[in-house]
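Trainee: Below you'll find the structure I mean.
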């Protein structure tokens with residue numbers, strides 16, 4: 001499968017083709033480990049991050065969506081994992097846009113910057129990292145279209161607590177979006193604005 005383009009490998013991966021998964025790993029693992037090592041200065045953490053990323057890819061192979069270049073998707077993921085690792089170390093990392101390293105991919109110039117799909121990936125990961133109560137409130141509001149009183153009744157919370165949790169959740173997501181604002185491709189600006197409207201950040 002060494003001659004297969006990334007797009008074909010992804011299709012094969014979604015069909016549970018172990019050879020396709022192995023080829024993706026061999027094609028990008030060393031580069032991703034090197035990137036993670038530059039970010040963390042910790043070889044064990046760098047290797048663990050890349051292993052975790054590929055385990056996640058295999059686990060979610062049936063539903064994974066990669067719009068644009070696979071390499072850009074992988075690099076964005078590692079950058080974000082390194083950023084989250086530094087936050088857990090109680091350090092003061094630079095804003096995410098100062099951390100970004102994206103590959104030079106001539107086949108798709110827009111892949112040199114974050115795509116709308118990649119930004120959505122980071123937002124979804126931020127939602128996953130929210131405290132449980134905050135995440136539940138946010139998902140009830142955004143995915144189930146429940147109002148504050150309905151959420152309060154569903155989760156046994158006060159209406160004010162629900163409002164506070166939604167405000168805090170949107171504050172977290174707003175930071176992620178704003179960190180990346182300057183690297184959104186021009187072709188995706190309209191989609192980016194739609195995302196902001198969806199998050200009620202305008």
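Residue numbers (full-length UniProt numbering): 1 to 202.
Note that CB positions come from ideal geometry on N, CA and C, so glycine has one too.
1. What residue range is occupied by the uninterrupted alpha helix (DSSP H) comprising residue 150?
2. Can you give the beta carbon distance from residue 57 to residue 46, rounded, assuming they're within the 8 angstroms contact cut?
3. In chain order, what residues of the same chain lie with their CB nearer than 6 angstroms to the CB of residue 146, ignoring the 5 residues before and after it?
4. Over the uninterrupted alpha helix (DSSP H) stretch that includes residue 12, give me the two end residues.
5. If you compare alpha carbons, which of 10, 43, 86 is closest to residue 70?
6. Taking the straight line between their C-alpha atoms, what separation do you get for residue 128 and residue 5?
7. I need the straight-line Cα distance from residue 88 to residue 126, nearest angstrom please.
8. To the nearest angstrom, report how far apart residue 84 and residue 76 are at their CA atoms.
9. For a quick check, are the C-beta atoms of residue 122 and residue 176 less than 8 angstroms apart?
10. Please state if the CB of residue 49 and the CB of residue 72 are separated by a distance shorter than 8 angstroms.
11. Whose CA, out of 51, 42, 40, 44, lies closest to the CA of residue 22?
12. Under a three-way DSSP split, which group does residue 169 fall into?
13. Roughly how many angstroms lie between the CA atoms of residue 138 and residue 2, to the nearest whole one?
14. Return the first residue and the last residue of the alpha helix (DSSP H) that residue 34 is part of.
15. State the DSSP-derived secondary structure class of residue 66, mapped to helix, strand or coil.
16. May I have the straight-line CA-CA distance separating residue 43 from residue 19, to the nearest angstrom?
Mentor: Taking the geometry as given:
1. Position 150 of the chain shown, counting from 1, holds the residue named residue 150. Looking at the DSSP string, the run of the alpha helix (DSSP H) that includes residue 150 is 148-155.
2. Here residue 57 corresponds to residue number 57 of the chain shown, with the count starting at 1. Here residue 46 corresponds to residue number 46 of the chain shown, with the count starting at 1. Actually they do not touch by this definition, with Cβ atoms about 17 angstroms apart.
3. As a working note, residue 146 is residue 146 in the chain shown. Short of 6 angstroms from the beta carbon of residue 146, and not among the five residues preceding or following it, lie these beta carbons of its own chain, in chain order: 140.
4. In the chain shown, counting from the first residue as 1, residue 12 sits at position 12. 6-13 is the span of the alpha helix (DSSP H), which, as asked, contains residue 12.
5. Along the chain shown, read from residue 1 onward, the residue named residue 70 stands at position 70. Closest option to residue 70, Cα to Cα, is 10.
6. One-based indexing of the chain shown puts residue 128 at position 128. One-based indexing of the chain shown puts residue 5 at position 5. Annotation: residue 128 to residue 5 spans about 31 angstroms, alpha carbon to alpha carbon.
7. Along the chain shown, read from residue 1 onward, the residue named residue 88 stands at position 88. Along the chain shown, read from residue 1 onward, the residue named residue 126 stands at position 126. The C-alpha of residue 88 lies about 14 angstroms from the C-alpha of residue 126.
8. Taking the first residue of the chain shown as position 1, residue 84 is located at position 84. Taking the first residue of the chain shown as position 1, residue 76 is located at position 76. Within the model, the alpha-carbon separation for residue 84 versus residue 76 is close to 12 angstroms.
9. The residue you call residue 122 lines up with position 122 of the chain shown. The residue you call residue 176 lines up with position 176 of the chain shown. Contact flag set, yes.
10. By 1-based counting over the chain shown, the position of residue 72 is 72. By 1-based counting over the chain shown, the position of residue 49 is 49. It is not a contact, given that the beta carbons lie outside the stated cut-off.
11. Position 22 of the chain shown, counted from the first residue, corresponds to residue 22. Ranked by Cα distance from residue 22, the options 51, 42, 40, 44 are led by 51.
12. Taking the first residue of the chain shown as 1, we reach residue 169 at position 169. Residue state, collapsed to three classes: helix.
13. The sequence position of residue 138 within the chain shown is 138, counting from 1. The sequence position of residue 2 within the chain shown is 2, counting from 1. In a straight line, the C-alpha of residue 138 is about 43 angstroms away from that of residue 2.
14. For the purposes of this step, residue 34 is taken as residue 34 along the chain shown, with counting starting at 1. In the DSSP assignment, residue 34 falls within the unbroken alpha helix (DSSP H) covering 18-40.
15. Translated into the one-based positions of the chain shown, residue 66 becomes position 66. Residue 66 sits in coil when the DSSP states are folded into three classes, being neither helix nor strand.
16. On the chain shown, residue 43 is found 43 positions in, with the first residue counted as 1. On the chain shown, residue 19 is found 19 positions in, with the first residue counted as 1. Cα to Cα, the separation comes out at about 27 angstroms.
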